[in-house]
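For the sequence shown, the tail end lands on 1254 under my numbering, and the numbers increase by one without skipping.
For each residue, glycine too, the CB sits at the ideal point set by N, CA and C.
Before any comments, here is the structure.
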Amino acid sequence: PCLTWLSSPIAEKTGKVLGEFCRCYKEQYGVALFNSVRYEIEGNGGPQAQLLHRKVPLEDHVIYSGNLFQYIEENKKWRNRFCVVPHNYGLVLYENKLAYERDLPPRVLVNSAGYKILTSVDQYLELVNSSLPGVTPKSGHSPILKCPTDFPLILWHPYARHYYFCVMTGKEQEKWGAVFQDCVRHCNNVEAPAFTDAIRMYRQSKEQYGTWDMLCGNETQVLSNLVMEELLPELRTTIAPRLKGKAQERQRTWIQISDAVYRMVYEQTKAQYDAVMAKCEQERPQMESTIRTDMDQIITSKEHLASKIRAFVLPKAEVCVRNHVQPYISSILEALMTPTSQGFAEVREVFFKEVTDMNMNIVNEGGLEKLVEYMEKLSHLAFHPVKMQSCYEKMDQLKLEGLQQRFDVSSTSVFKQRAQIHMRQSSGEILLYIEIFFHAFCWDVGQASGKSQGGAGSLLTTCIAKYDYDSSTVRKKFFREALLQITIPFLLKKLAPTCKGELAKFQELIFEDFASFILVENTYEEVVLQSVMKDIMQAVKEAAVQRKHNLYRDSMVMHNSDPNLHLLGEGIPIDWGEEYGGQPEAELAADKRRRAKQVVSVIQDDEGVLPYKVGTEALLQPGSPEPREPEEPDPGASPSSPDGVEEIREVLAKESLGDGVKAEERLTNGVNVQHTAPASPQPRADVPSEAEVPHATPASPIPGAETPSPSAGAACHQPSDQETGEEVASLGGECSPPQPTGTTESGEGVQTEF
501 PCLTWLSSPI AEKTGKVLGE FCRCYKEQYG VALFNSVRYE IEGNGGPQAQ
551 LLHRKVPLED HVIYSGNLFQ YIEENKKWRN RFCVVPHNYG LVLYENKLAY
601 ERDLPPRVLV NSAGYKILTS VDQYLELVNS SLPGVTPKSG HSPILKCPTD
651 FPLILWHPYA RHYYFCVMTG KEQEKWGAVF QDCVRHCNNV EAPAFTDAIR
701 MYRQSKEQYG TWDMLCGNET QVLSNLVMEE LLPELRTTIA PRLKGKAQER
751 QRTWIQISDA VYRMVYEQTK AQYDAVMAKC EQERPQMEST IRTDMDQIIT
801 SKEHLASKIR AFVLPKAEVC VRNHVQPYIS SILEALMTPT SQGFAEVREV
851 FFKEVTDMNM NIVNEGGLEK LVEYMEKLSH LAFHPVKMQS CYEKMDQLKL
901 EGLQQRFDVS STSVFKQRAQ IHMRQSSGEI LLYIEIFFHA FCWDVGQASG
951 KSQGGAGSLL TTCIAKYDYD SSTVRKKFFR EALLQITIPF LLKKLAPTCK
1001 GELAKFQELI FEDFASFILV ENTYEEVVLQ SVMKDIMQAV KEAAVQRKHN
1051 LYRDSMVMHN SDPNLHLLGE GIPIDWGEEY GGQPEAELAA DKRRRAKQVV
1101 SVIQDDEGVL PYKVGTEALL QPGSPEPREP EEPDPGASPS SPDGVEEIRE
1151 VLAKESLGDG VKAEERLTNG VNVQHTAPAS PQPRADVPSE AEVPHATPAS
1201 PIPGAETPSP SAGAACHQPS DQETGEEVAS LGGECSPPQP TGTTESGEGV
1251 QTEF
């Protein structure tokens, strides 16, 4: 069906939602700019980062690349695809590995923000059935999707196109699943205070309080989700009765319609949001000049307003906190602390295992040159989604149970992903500690002497102590933020009937010249926050005093406790290969692409065949070829000196973690890869890379990616950090039919329009 007749209602709804949002955004932009300048002048720009950071942690690396099977909807067949996950965590699908190495354009580019990773067809069918109520295939009829293996990987989105993959073994499914989850986790992260505050204010104006699962992706994606949340129910009511055919066909058509509408909304949203951003940036110099000139008067005016609102709101808020929030704070905190602290403890264990394995391997395999090799691999452990999966999955235990209903928390996924991001950052930082220490001490690993073993133990002791202290700081901050995210929306909703209607009378207390920087609504929320903040701080402090879950008190000072900590100052990044490896100078670009270093070891790098083919919705008879077992990388020879290794491990264990720590498998962080993976495409020069927006600075516009023109053998399309769901052709003024986008199966390097 053609959606031209819907283009006008879609544009009208998009314009209405964006108009209301942009009003909120302009207000929050001024407040965020004022806070930013104030922090700059007062010199207290929020809490300082406790941990060190690598500036470009994955430069010249790819997260993972390998083959998997993709379902092509246009011809209802499964095809082998070569998938590359570059440093920006996009999914780039090529015809095959040769097409990638020849710099041919990719078939598909996917930004996984907002997607859910499913590992069973039943899970997928349940979501599809719920998306179009009343349309369910009858028992015994063919489902909407058949998978030729028992190991599917499905990317499901509530509005955008779905992607169907499968692999040959359960081990491959686990590895690809961990990689895909890491992509979703990275792409979902949004840190733009003016933008997120505007989203929150807009939703609260619609009586929608609390966390929102679709606050993920870049700003245009988030706004598109906001529009679709209101638009889709109306479309479903209008379109669902008009769908014809069997239940499976109606479901398939609905998915295509939803995707086509999402693309239309995205294009319209991007144009309007970019225009508003440009206007805000144009007005910024004048606003900033006013702030710097009248800073004292603005602060005095805001404090006067806050005192009046506090006198009106605080007594009611304190009663609400005492009766409805305070009794449950400790329960919420305990529910958060247990899985989060277990995850951070697992990071500690993974780190210790990898370092002790590295120590064992370099002592037995030969000196400084091995140190260079292993340190380079170890430095990317934090970005190894498979090895970090044991840490991330601890958050799956997070259950708020009755508390979730009491405080109207729609989902815990927001808290899970935030904690997992903290884990990845912390694991990267502890590995950076050990890298700096090893470099500073110039540890002679070629001699398995007691002195060098003691030096290694001292390094580990220092690093682990620093990690324990810093991760405690990170976790306490996370607990406070999570408690506020749960309780503040609940309090605002409870207080709204008695307080919100009275806020308009406080507007007259704000000077007109300062109205862009002081908002009654924001000041009201700050007062509500103050009413509960004391109880939250006290609960977290008591947990630290009791040393629950390895938390430390804020009064503990770390900087003088260890003479090695002075080495952790910011310095030039260490290039182990250049400094110690004696590597040759620059290589040719093509060689670099083919020899790109890969974070995750490859399981199956060759083109595979399905155990049976899926053609026109029919499976072949049994007797088809059996699935090929993937070839495992050769783990290498076992260490030649087990006694020496055992002694080293015992020394390390005693000096850092105590007795009883068992050494596990040796380090294989991408070292024993039989097939060297190619590099990821680099971002185009004309597309700015994704940048993290500081907490007190306004969001900046993010341009979308352009669709490359199709050409055989053309230069490789290089995805930016801001790819939307896929590269899409411009929809223009009219709505084209939501026809499935096809790929040409014949001919290499033919760019498809998605």
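query: Cut-off 7 Å between Cβ atoms - residues of its own chain near Tyr1052, not counting five sequence neighbours on either side; result: Tyr969, Ser972, Ala1044
query: Nonlocal neighbours in the same chain, by C-beta distance under 8 Å from Glu1026, ignoring five residues either side; result: Ala806
query: Residues that DSSP places opposite Ile617 in a beta bridge; result: Leu655
query: Lys966 classed as buried or exposed, judged by whether at least 16 other C-beta atoms fall within 10 angstroms; result: buried
query: Local conformation of Val1028 per DSSP, three classes; result: helix
query: Selection from Ala996, Leu984, Arg1047, Glu1002 that minimises the alpha carbon distance to Val1032; result: Leu984
query: Rounded C-alpha distance that separates Ala919 from Phe844; result: 9 Å
query: Residue range of the unbroken beta strand (DSSP E) whose run includes Asn864; result: Taken as a continuous stretch (DSSP letters only), Asn864 belongs to no beta strand (DSSP E), being part of the alpha helix (DSSP H) at 826–865.
query: Nearest neighbour of Asn859, chosen from Val610, Leu960, Asn575 [CA to CA]; result: Leu960
query: C-alpha gap between Arg750 and Leu743, whole angstroms; result: 6 Å
query: Buried versus exposed call for Leu598 [16 or more other C-beta atoms within 10 Å across all chains shown]; result: exposed
query: Gln721 and Ala613 closer than 7 Å at C-beta; result: yes
query: Cys716, DSSP secondary structure in three states; result: coil
query: Boundaries of the beta strand (DSSP E) in which Ile563 is found, first to last residue; result: From DSSP, Ile563 is part of no beta strand (DSSP E); its letter is neither H nor E.
query: Length of the line joining the Cα atoms of Ala882 and Gly519; result: 42 Å
query: Segments assigned alpha helix (DSSP H), at least 4 residues, entirely inside the segment 870–924; result: 889–892, 902–906
query: Three-state secondary structure (DSSP) of Phe534; result: helix
query: Test item: CB-CB of Lys655 and Trp676 under 7 Å; result: This sequence places Leu at residue 655; Lys is not what is there. No. Outside cutoff.
query: Gln797, buried or exposed, once every other Cβ within 10 Å from all chains shown has been counted against 16; result: exposed
query: Per-residue DSSP class, three states only, for Lys977; result: helix
query: Per DSSP, cross-strand counterpart(s) of Arg579; result: Gln570
query: N-terminal and C-terminal residue of the alpha helix (DSSP H) that Cys687 is part of; result: 670–688
query: Inter-stretch contact (C-beta, 8 Å, three-pair minimum) for the segment 830–846 and the segment 889–907; result: yes
query: Euclidean distance between Cα positions of Thr800 and Gln786; result: 21 Å
query: Element boundaries [alpha helix (DSSP H), containing Phe695]; result: 693–705
query: Per DSSP, the bridge partner or partners of Tyr663; result: Leu655
query: Inter-residue spacing [alpha-carbon to alpha-carbon] between Glu574 and Glu626; result: 23 Å
query: Between the CA atoms of Leu814 and Thr912 - distance to the nearest angstrom; result: 29 Å
query: DSSP three-state assignment for Tyr589, whether helix, strand or coil; result: coil
query: Range of the contiguous alpha helix (DSSP H) that encloses Val1099; result: Careful: Val1099 lies outside any alpha helix (DSSP H) and carries neither H nor E.
query: Where the beta strand (DSSP E) containing Val608 begins and where it ends; result: 608–610
query: DSSP three-state assignment for Phe709, whether helix, strand or coil; result: Note on identity: in this sequence residue 709 is Tyr, with Phe being the wrong assignment. Here Tyr709 sits in coil by DSSP.
query: Stretch-stretch touch, CB-based, cutoff 8 Å, three pairs: the segment 518–534 with the segment 1008–1018; result: yes
query: Contact between the segment 681–689 and the segment 584–596 (3+ Cβ pairs under 8 Å); result: yes
query: 6 Å CB neighbourhood of Glu818 in its chain, flanking five on each side removed; result: Ser1031
query: Extent of the continuous alpha helix (DSSP H) to which Ser758 belongs; result: 747–793
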